Amino acid sequence: DQHNAEVEEIWAAYRRREPIRVPLIFGINARLTMFNHPANPRRIEFAEYSSDPEIMIERQVEHQAWVRENIPQDSPMGRPKDGWHVSVDMQNVYEAGWYGAEIFYRPGQVPDSAPLLQNDDRKWELIERGAPDPFTSGTAAKMWDFYDHMLRRMKQGREYDGLAIVHVDPPAGGSDGPLTICCNLRGAGAFFTDLLDDPDYAQAMLDFVTETTIQRLKAYRERTGQNPKPKEGGLADDSVQLISTPMYRELILPYHRRFFDALYGEGPHSMHLCGAATRHFRTIRDELNVQSFDTGFPVDFTWLRNELGPDVEILGGPSVPFLETATPDHVTERVKEILGSGIMEGGRFMLREGNNLSPGVSLDNINAMWYAVHEYGRY
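Numbering-wise, the numbering used here puts 1769 at position 313 of the sequence shown, and it's gapless, one number per residue.
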């Protein structure tokens, strides 16, 4: 239809570096339609979603069907022509859970993990225990059981809402980053104290987490027949927002470099960094050949484009807290301000929420972003 044809044209022009309009995308997962959402008539929460692969499939189909009918963005709308794409979705706790952290579920919330190494007398315990098994330790056993179940459903041709599953994404194909994982396992306050007061331990933990993550991802690629070392790759590490750039360069950059060198080719690479992390971007670009940054908030878009130049891809937009509370008129003004900031220079900007669309954002505000990017985002 007209929308999907426009989407194809927008992305083709963007990839040619001849953009017509700034693309609009939203970071959306099943959280958006969980809890009391109309697309979730059974009121399923994450505890159920994460314990039964059939419920996970059904919820993802409900979610996708609703998003494709209601969220205007530069992505296909309407029922998928081929069928459903599903994935093993353990949210942001699968890595801590793989190392053995306890996962817990609060009503009305996404899953969370409890620090595993809070006791100072036992903080070396994980390293002494050795590398977890990629397929059987912690959350890995459940993830691969879910993956096998989803593959069986696809091979059986089982239909959901009248369409079959045509693709299942393998689980846990990325990482939230070594510093963030260490904070999850030790507790953020304790681990940042370790960086200063017990640097030998902190470096040993960063080394352990980086190396075991690399080995886990290599094992997953081998099992699923993926390219063992693709040219380009991505990484996140939101906790770098809590340290200075000299500290990042000295203490964390070597582990990010090891991650990219071990798992990917020369790039260019991408990185997701929520929070006030833009001061690190030039260093990351120059040292790691990261040429695409997915941002959260706060972001000074004028400063960031001037800092990185016209050739670096930047994804960002109004913050989620703002989108939850603003009126549609305020959203329109904020989008106009961002698009007029100079961020469009070079044609390497994608508008999105900053970062991950929450259930509290109204459709009116989502529509306001869509209309505003059409009015103010043309080249």
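Glycine included, each C-beta is placed from N, C-alpha and C at the ideal position. Quick caveat: nothing in here was measured; it's all calculated off a predicted structure.
Item to check | Secondary structure, beta strand (DSSP E): runs of 3+ residues fully inside the segment 1531-1607 | outcome: 1540-1543
Checklist entry - Can you tell me where the beta strand (DSSP E) with alanine 1620 in it begins and where it stops? => result 1619-1625
Checklist entry - Between which two residues does the alpha helix (DSSP H) carrying methionine 1661 extend? => result 1655-1680
Item to check | Nearest candidate by alpha-carbon position, reference leucine 1631, set Met1727, Glu1763, Val1768 | outcome: Residue identity check: residue 1631 is serine in the sequence provided, not leucine. Of Met1727, Glu1763, Val1768, the residue nearest in Cα terms is Met1727.
Next on the checklist: Under DSSP, the beta strand (DSSP E) around histidine 1728 begins and ends at which residues?
Outcome noted: 1725-1729
Checklist entry - Going by Cα to Cα distance, which pick from Thr1668, Asp1656, Asp1650 is closest to proline 1634? => result Thr1668
Checklist entry - So does the segment 1805-1819 actually touch the segment 1482-1494, counting three or more Cβ pairs closer than 8 Å? => result yes
Next on the checklist: I'd like the span of the beta strand (DSSP E) that includes threonine 1751, first residue to last.
Outcome noted: 1746-1751
Checklist entry - What is the DSSP secondary structure of isoleucine 1740, counted as helix, strand or coil? => result helix
Next on the checklist: Quick check on tyrosine 1835: does DSSP put it in helix, strand or coil?
Outcome noted: coil
Item to check | Residues near proline 1766 by beta carbon distance below 7 Å, same chain, minus five either side | outcome: Glu1801, Gly1802, Arg1804
Checklist entry - Using the C-alpha atoms, what's the distance from glycine 1723 back to tryptophan 1467? => result 21 Å
Next on the checklist: Check this for me: beta carbons of tyrosine 1704 and threonine 1739, under 8 Å apart or not?
Outcome noted: yes
Checklist entry - CB valine 1791 to CB valine 1817, shorter than 8 Å? => result no
Next on the checklist: Check this for me: beta carbons of glycine 1539 and valine 1665, under 8 Å apart or not?
Outcome noted: no
Item to check | Of the listed residues Asp1617, Glu1551, Pro1563, nearest to alanine 1597 (C-alpha basis) | outcome: Glu1551
Next on the checklist: Assuming methionine 1512 is part of the alpha helix (DSSP H), what are its boundary residues?
Outcome noted: 1509-1526
Next on the checklist: Relative to the C-alpha of proline 1754, which candidate in Phe1715, Gln1697, Arg1473 has its C-alpha closest?
Outcome noted: Gln1697
Item to check | Per-residue DSSP class, three states only, for glycine 1772 | outcome: strand
Next on the checklist: Would aspartate 1694 and cysteine 1730 be called neighbours here (beta carbons separated by less than 8 Å)?
Outcome noted: yes
Checklist entry - Assuming tyrosine 1561 contacts alanine 1628 under a Cβ cut-off of 8 Å, what Cβ separation, rounded to an integer in Å, is found between them? => result 19 Å between Cβ atoms; not a contact.
Checklist entry - DSSP beta-bridge partners for glutamate 1615? => result Ala1620
Item to check | 6 Å CB neighbourhood of isoleucine 1637 in its chain, flanking five on each side removed | outcome: Glu1551, Val1665
Next on the checklist: According to DSSP, simplified to helix, strand and coil, what is tyrosine 1690?
Outcome noted: The sequence as given places glycine at residue 1690; tyrosine does not occur at that position. If DSSP states are grouped into helix, strand and coil, glycine 1690 belongs with the strands.
Checklist entry - Under a three-way DSSP split, which group does glycine 1645 fall into? => result helix
Item to check | Euclidean distance between Cα positions of leucine 1652 and alanine 1658 | outcome: 9 Å
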